[in-house]
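Shown next, in structure tokens, is the structure this report addresses.
2 protein chains.
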Amino acid sequence: MADNFSKFSVQNEARTELHNALGLTGAEVSVNVLPAGASVPFVHSHKQNEEIYGVIEGEGIAYIDGQSVPIKAGDWLRVAPAAKRRFSAAQNSGIKYICIQAKANSLEEFTAADATIE
Amino acid sequence: MADNFSKFSVQNEARTELHNALGLTGAEVSVNVLPAGASVPFVHSHKQNEEIYGVIEGEGIAYIDGQSVPIKAGDWLRVAPAAKRRFSAAQNSGIKYICIQAKANSLEEFTAADATIE
Chain A
1 MADNFSKFSV QNEARTELHN ALGLTGAEVS VNVLPAGASV PFVHSHKQNE EIYGVIEGEG
61 IAYIDGQSVP IKAGDWLRVA PAAKRRFSAA QNSGIKYICI QAKANSLEEF TAADATIE
Chain B
1 MADNFSKFSV QNEARTELHN ALGLTGAEVS VNVLPAGASV PFVHSHKQNE EIYGVIEGEG
61 IAYIDGQSVP IKAGDWLRVA PAAKRRFSAA QNSGIKYICI QAKANSLEEF TAADATIE
């Protein structure tokens with residue numbers, strides 16, 4: 001794996017985890033697919049990581065601390081570490097979504113403040 | 001914005017930055033669209049942030065430290081902070097991609113190690 005970049009192609013798996021495939025050091029990213037009517041089979045929270053979810057295709061429901069949040073392609077969610085969450089596809093639609101895990105409060109600067117333009 | 005989660009719906013803009021829209025603290029995420037034949041108009045690198053790129057639709061080329069890397073929907077890249085990068089759509093296809101910025105080496109634990117299952 002080259003020092004300056006790495007590349008991985010996600011196939012049509014139920015779940016693909018990119019941390020080891022890409023040698024990530026600042027975040028974990030997973031790509032997840034649930035068929036219509038399916039749910040992640042457990043509720044979970046995190047110790048120190050914020051999660052950022054982005055819906056790529058389809059629609060479903062995010063259950064967060066007992067609240068039902070409808071989600072569809074183009075929707076993004078920030079979920080705080082301690083929130084209890086579970087994701088489901090809609091009854092009549094599958095869903096493809098990415099989940100980013102990054103340590104809460106770890107980002108110090110970003111975009112223009114962190115960039116050098118050539 | 002609730003403490004436990006926030007939600008934002010990305011429209012069809014050329015670039016949407018989610019940090020402020022979602023109140024992110026562990027990463028910045030942008031959703032970017034380039035029409036066929038278009039390029040980001042500058043080369044850039046980063047001071048401390050790793051970038052993770054995921055192609056959602058279409059295809060293009062990532063130029064990284066002088067190397068041309070063809071990319072298409074489903075492809076993911078890790079780009080080290082110091083690498084000099086520029087993204088282009090293909091001549092005959094637009095591209096939609098997400099870019100995640102997270103501080104290099106900030107992730108301490110992830111997935112099962114960081115999770116509490118209810």
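From first to last, the protein sequence lines stand for chains A and B.
Here the first sequence is numbered in the working numbering, starting from 1 and rising by one per residue.
Here the second sequence is numbered in the working numbering, starting from 1 and rising by one per residue.
The beta-carbon is built from N, C-alpha and C at its ideal position, and this holds for glycine as well.
Buried or exposed (CB count within 10 angstroms, at least 16 for buried), Asp-114(A): In the first sequence, residue 114(A) corresponds to position 114, counting from 1. When all chains shown are included, Asp-114(A) counts as buried.
Same chain, Cβ closer than 7 Å to Leu-24(A), neighbours up to 5 away in sequence not counted: Residue mapping note: residue 24(A) aligns to position 24 of the first sequence, counting from 1. The answer, listed in chain order, is Leu-18.
Contact check, Ser-93(A) vs Arg-78(B) under 8 Å by CB: the rounded distance? Within the first sequence, the letter at position 93 stands for residue 93(A). Within the second sequence, the letter at position 78 stands for residue 78(B). Going by Cβ atoms, the distance from Ser-93(A) to Arg-78(B) rounds to 31 Å, so no, they are not a contact pair.
Nearest to Asn-4(A) by alpha carbon, out of Ser-88(B), Val-69(B) and Asp-75(B)? In the first sequence, the residue the question calls residue 4(A) occupies position 4. Measuring from the Cα of Asn-4(A), the nearest candidate turns out to be Val-69(B).
For the stretch 86 to 113 of chain B, list every residue whose C-beta sits within 8 Å of some C-beta in chain A, in sequence order. Ile-98, Ile-100, Gln-101, Ala-102, Lys-103, Ala-104, Asn-105, Ser-106, Leu-107, Glu-108, Glu-109, Phe-110 and Thr-111
His-46(A) bridges to which residues according to DSSP? For this step, residue 46(A) is matched to residue 46 along the first sequence. His-46(A) is bridged to Ala-115(B).
Can you list the residues of chain B that Ile-56(A) reaches, using a CB-CB cut of under 7 Å? Position 56 of the first sequence holds residue 56(A). Chain B residues near Ile-56(A): Ile-56.
Residue ranges of each beta strand (DSSP E) within the stretch 13 to 85 of chain B, 3 or longer: 15 to 17, 28 to 34, 44 to 46, 49 to 64, 67 to 72 and 75 to 79
Run down chain A in chain order and give the residues with a C-beta less than 7 Å from the C-beta of Gly-74(B). Against the second sequence, residue 74(B) aligns to sequence position 74. Correct list: Ser-9 and Val-10.
If you follow the beta strand (DSSP E) that Phe-5(A) is in, where does it begin and where does it stop? Mapped onto the first sequence, residue 5(A) falls at position 5. Element bounds for Phe-5(A): 5 to 9.
What are the start and end residues of the beta strand (DSSP E) that includes Gln-101(B)? By one-based count along the second sequence, residue 101(B) stands at place 101. Run containing Gln-101(B): 95 to 103, per the beta strand (DSSP E) assignment.
Can a CB atom of chain A be found closer than 8 Å to the CB of Leu-34(B)? In the second sequence, counting from the first residue as 1, residue 34(B) sits at position 34. It does not; no Cβ of chain A falls within 8 Å.
The stretch 44 to 56 of chain B in contact with the stretch 97 to 114 of chain B per 3-pair CB rule at 8 Å: yes
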